[in-house]
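K.L.:
Take this structure, written in structure tokens, and hold onto it; I'll ask about it next.
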Ligand code: GDP
């Protein structure tokens, strides 16, 4: 089995609404295992750095404000084909366009307050894992 790792963040909207446990159960039911987890209130500089790729977009300052509005929960997840499988499980960016039964269809409020982040490539997954979990032991269950 070719298991790979990816990074997700339960965003401040869903974490603050007490949905972290529901979302983790959803991800485990979809075959993901939690390798590492933390709860973190991002600083402005951290949120700007994490979303640097979007810095020229009109929603950048609003996104940074949202992501620093309360604690969030980054998780390192593992399963076969983890990156594309997680993108599929979370659904489209805008919950109005997300497939039924996806995390965003179930828990997101809006295109911005959309409950969950997932890495969009294997390369970005390793960069994003290092952002939150550098030095963390990645144990095999
Ligand atoms: P993702 O990969 O599905 O998370 O989407 P993107 O990488 O394109 O965008 C990153 C995050 O920025 C999204 O998850 C949303 O929280 C936010 N976002 C994306 N597009 C918009 C938009 O058009 N308006 C606003 N306000 N936020 C957006």
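Residue numbers (my numbering): 6 to 146. Ideal placement from N, C-alpha and C gives every residue a C-beta, glycine not left out.
1) Under 8 Å by Cβ, that's how I've got residue 39 and residue 82 pegged, so tell me the actual separation to the nearest angstrom.
2) Ends of the alpha helix (DSSP H) at residue 27?
3) Would you say the segment 130 to 144 touches the segment 29 to 45, given that touching needs at least three Cβ pairs under 8 Å?
4) Could you tell me if the beta carbon of residue 11 falls within a distance shorter than 6 Å of some heavy atom in ligand 1?
5) Does the distance from the CB of residue 19 to the CB of residue 120 come in under 7 Å?
6) For residue 120, does the three-state DSSP call read helix, strand or coil?
7) Please classify residue 5: is it buried, with 16 or more other beta-carbons within 10 angstroms of its beta-carbon, or exposed?
8) Should residue 116 be counted as a contact of ligand 1 given a C-beta to heavy atom distance under 6 Å?
9) Give the range of the beta strand (DSSP E) segment to which residue 83 is assigned.
10) Buried or exposed for residue 46, going by 16 or more other Cβ atoms inside 10 Å?
11) Look at the alpha carbon of residue 116 and the alpha carbon of residue 28, and state the distance between them as a whole number of angstroms.
12) Using DSSP with H/G/I as helix, E/B as strand and the rest coil, what is residue 12?
P.N.:
So, to answer that:
1) On the chain shown, residue 39 is found 34 positions in, with the first residue counted as 1. On the chain shown, residue 82 is found 77 positions in, with the first residue counted as 1. Their Cβ separation, rounded to whole angstroms, is 6 Å, which keeps residue 39 and residue 82 in contact under 8 Å.
2) Taking the chain shown and counting its residues from 1, the one referred to as residue 27 is at position 22. Looking at the DSSP string, the run of the alpha helix (DSSP H) that includes residue 27 is 25 to 34.
3) yes
4) The count along the chain shown starts at 1 and reaches residue 11 at position 6. Every heavy atom of ligand 1 is 6 Å or more from the Cβ of residue 11, so no.
5) By one-based count along the chain shown, residue 19 stands at place 14. By one-based count along the chain shown, residue 120 stands at place 115. Yes, the pair counts as a contact, with Cβ atoms nearer than the cut-off.
6) The count along the chain shown starts at 1 and reaches residue 120 at position 115. Here residue 120 sits in coil by DSSP.
7) The structure shown does not extend to residue 5, since the chain is modelled only from 6 through 146, so no value can be given for it.
8) Position 111 of the chain shown, counted from the first residue, corresponds to residue 116. Yes; taking the cut-off as 6 Å, the Cβ of residue 116 has a heavy atom of ligand 1 nearer than that.
9) In the chain shown, counting from the first residue as 1, residue 83 sits at position 78. Note, residue 83: beta strand (DSSP E), 78 to 85.
10) The count along the chain shown starts at 1 and reaches residue 46 at position 41. The residue is exposed, with fewer than 16 neighbouring Cβ atoms inside 10 Å.
11) As a position in the chain shown, residue 116 is number 111, starting the count at 1. As a position in the chain shown, residue 28 is number 23, starting the count at 1. Computed Cα separation, rounded: 18 Å.
12) Here residue 12 is taken as the residue at index 7 of the chain shown, counted from 1. Residue state, collapsed to three classes: strand.
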